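Student: For the sequence shown, the tail end lands on 291 under this note's numbering, and the numbers increase by one without skipping.
We treat Cβ as the ideally placed atom computed from N, Cα and C, and that holds for glycine.
Since we're looking at a predicted model, the values are computed, not measured.
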Amino acid sequence: MLARHSLIWLHPEGWREAEASAAADCTDAIRQWRQADRPLVARRPDADAADDSCCLGLALPPDPESKSKRRIGLRVSRSQVRRIDAPLAIGQTIGYAPQSWQPALARLDGQCGGIGATLRVFGSLALQTLTGLPYLTPSSDIDLLFAPVSLRQLDEGMRLLAEAAEQLPLDGELVFPGGQAVAWKEWANAACAGDGMRVLAKDMHGVRLMKPAELRMQLEPESKSELEAEAAR
């Protein structure tokens with residue numbers, strides 16, 4: 059299934075389509091990416107994109123001098139997608155992170171495994187892992203995806219993220235079963251703000267404001283007491 063942050067590999071003709079969809083000064087970067095068989099990243103479709111096209115992104119490492127980050131938007135036909143993978147699991151990236159992050163990342167990975175959740179990584183740490191190129195800088199965040207399947211997992215996972223954020227520069231999103239993604243820091247703030255608060259939810263079709271209760275309804279209660287507690291919200 060194609061979702062935001064999915065990793066995408068292309069057929070040869072797909073790379074030709076990707077190159078044709080980009081500005082001329084992107085050609086060298088796209089060809090180098092192809093030659094190294096590196097994945098592209100799925101993004102939300104452009105407003106004028108055809109139904110049978112995929113909108114993808116290629117993010118280059120920060121420029122050594124200006125520190126600017128170049129992101130190249132690409133489009134290809136869906137038929138030219140060779141392989142789709144989920145974003146990397148956090149355990150795959152720990153060895154590519156700065157040593158000062160590694161113990162806390164390993165601990166968070168183990169704790170989330172204990173509640174049956176797999177954290178996934180996008181952004182600079184994921185790209186550094188996938189390519190071996192220097193994406194991380196002293197100001198980099200760790201972008202995590204947390205996709206809870208139950209109310210208990212959501213609440214326990216949010217607690218673990220909040221604890222880990224005291225030691226790590228965490229950022230990222232909660233992803234709900236319906237595909238909506240909410241910045242987990244925004245979700246934490248909304249939980250303290252009362253019933254009138256709405257959160258910005260993104261998916262492959264757009265962005266809209268939603269009540270947290272609407273999103274929580276997508277998750278499975280794991281016990282009668284949880285179901286009663288949710289009905290009382």
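Tell me the DSSP bridge mates of Cys113?
Tutor: Here residue 113 is taken as the residue at index 55 of the sequence shown, counted from 1. Arg133, per the DSSP bridge assignment.
Student: In this structure, how does DSSP classify Lys243 when only helix, strand and coil are distinguished?
Tutor: Within the sequence shown, residue 243 is the residue found at index 185, counting from 1. Here Lys243 sits in helix by DSSP.
Student: For Glu123, count neighbouring Cβ atoms within 10 angstroms of its own Cβ and tell me buried if that reaches 16, exposed if not.
Tutor: For the purposes of this step, residue 123 is taken as residue 65 along the sequence shown, with counting starting at 1. Classification for Glu123: exposed.
Student: Report yes or no: do the region 252–272 and the region 201–215 share at least 3 C-beta pairs separated by less than 8 Å?
Tutor: Contact between the region 252–272 and the region 201–215 is absent, because fewer than three Cβ pairs lie under 8 Å.
Student: If you compare alpha carbons, which of Arg165, Leu65, Arg129, Gln90 is closest to Arg74?
Tutor: The sequence position of residue 74 within the sequence shown is 16, counting from 1. Of Arg165, Leu65, Arg129, Gln90, the residue nearest in Cα terms is Gln90.
Student: For Ser182, which of Ser197, Gln93, Ala80, Gln276 has the nearest alpha-carbon?
Tutor: Indexing the sequence shown from 1 puts residue 182 at position 124. The shortest C-alpha separation from Ser182 is found at Ser197.
Student: Counting C-beta neighbours from all protein chains within 10 Å, is the total for His263 16 or more, i.e. buried, or is it exposed?
Tutor: Along the sequence shown, one-based indexing puts residue 263 at 205. With fewer than 16 Cβ atoms within 10 Å of its Cβ, His263 is classed as exposed.
Student: Report, in whole angstroms, the separation of the C-beta atoms of Glu71 and Ile88, which I expect to be a contact under 8 Å.
Tutor: Position 13 of the sequence shown, counted from the start, is the residue given in the question as residue 71. Position 30 of the sequence shown, counted from the start, is the residue given in the question as residue 88. That pair is no contact at about 14 Å.
Student: Should Ser64 and Ala100 be called a contact, given that it needs their Cβ atoms to be closer than 8 Å?
Tutor: Taking the sequence shown and counting its residues from 1, one reaches residue 64 at position 6. Taking the sequence shown and counting its residues from 1, one reaches residue 100 at position 42. Yes. Within cutoff.
Student: Could you tell me the distance, in whole angstroms, from the CA atom of Glu224 to the CA atom of Gln157?
Tutor: The sequence position of residue 224 within the sequence shown is 166, counting from 1. The sequence position of residue 157 within the sequence shown is 99, counting from 1. Spanning the two alpha carbons is a distance of roughly 17 Å.
Student: Answer with buried or exposed for Pro145, where buried requires no fewer than 16 other C-beta atoms within 10 angstroms of its C-beta.
Tutor: The residue given as residue 145 occupies position 87 in the sequence shown. Flag for Pro145 reads buried.
Student: Less than 8 Å between C-beta atoms, sequence neighbours within five positions excluded: which residues of the same chain meet that for Arg96?
Tutor: One-based indexing of the sequence shown puts residue 96 at position 38. Leu188, Thr189.
Student: Taking its Cβ as the centre, do 16 or more other Cβ atoms sit within 10 Å of Glu278, making it buried, or is it exposed?
Tutor: Here residue 278 is taken as the residue at index 220 of the sequence shown, counted from 1. Exposed, because fewer than 16 other Cβ atoms sit within 10 Å of the Cβ of Glu278.
Student: Verify whether the separation of the beta carbon atoms of Leu185 and Tyr193 is less than 8 Å.
Tutor: Position 127 of the sequence shown, counting from 1, holds the residue named residue 185. Position 135 of the sequence shown, counting from 1, holds the residue named residue 193. Taking 8 Å as the Cβ cut-off, Leu185 and Tyr193 qualify as a contacting pair.
Student: Taking the alpha helix (DSSP H) that Ala100 falls in, what are its first and last residues?
Tutor: Taking the sequence shown and counting its residues from 1, one reaches residue 100 at position 42. Per DSSP, Ala100 belongs to no alpha helix (DSSP H); it is in the beta strand (DSSP E), 98–100.
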